[in-house]
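Engineer: For the sequence shown, position 96 matches number 95 in numbering that gives the first Met the number 0, and the numbering has no gaps at all.
Backbone N, C-alpha and C define an ideal beta-carbon position, used for all residues, glycine too.
Bear in mind that the values here come from a model prediction, so they are computed numbers and not experimental data.
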Amino acid sequence: MDSELLTWIFLIGGVILMLLEFVLPSGMALILGASGLLVALARFLGFLDDPITATMAWIFTSAGISIMAMPFIRKYLKGETSYKFADEDYEAMDQIVEVVEPLNEHNDEGRIRFQGISWQARTLEGEVPAGTKVKIKYRDNTTWIVEPVDQIQEPTSEKLKHKN
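1) In terms of residue numbering, what span does the beta strand (DSSP E) encompassing S117 cover?
2) Would a C-beta distance cut-off of 8 Å place K136 and I95 closer than the cut-off?
3) Assuming L36 and L4 are in contact, meaning their beta carbons sit under 8 Å apart, how far apart are those beta carbons, in whole angstroms?
4) Tell me the DSSP secondary structure of G130 in three-state form.
5) At which residues does the alpha helix (DSSP H) containing V99 begin and terminate?
6) Under 7 Å Cβ to Cβ from F43, same chain only, skipping five residues before and after it: list those, please.
7) Excluding five sequence neighbours on each side, which residues of the same chain lie with their C-beta closer than 7 Å to the C-beta of D88?
8) So, for S117: in the same chain, excluding its five sequence neighbours on each side, which residues have a beta-carbon less than 6 Å away from its beta-carbon?
9) Tell me the rounded alpha-carbon separation between S61 and I30.
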């Protein structure tokens, strides 16, 4: 292979990789492209005549720059992160659900439908027939503890008109 052709391959490949960073931002394409440009410069100056040596120099230069640059990239070019406390019990509290099988306070044989799934449930006092609406209070192991809801008052158009 012509030595000048290999120099052009490293030069053009380095530029393409650096431009690819705009499409796939991660820092790695920039590092690989920069090491390609360094190897092309070293070949142009006559330091790396052998193609295998040039390829090995590109690999080790890329690895070295990656190891040295990644802490700075992580520090100054942080990705977008978010944190959400995932507590299903907390999110379930005060949700209105439907009773599927009658509930009582003596056993866990009653069931409610919550998030499309039938769950064991019981009340703290009294009995609740199937088909009524209840409010989730908390969970005791795998059993939801609920309380009856008298009537869910949904706003009607007349109530909204009087409110405004």
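Structural biologist: Quick look at the numbers:
1) I116 to T122
2) no
3) That pair is no contact at about 16 Å.
4) coil
5) Premise fails: V99 lies in the beta strand (DSSP E), I95 to E100, not in any alpha helix (DSSP H).
6) T6
7) Y137 and R138
8) V99 and R110
9) 6 Å
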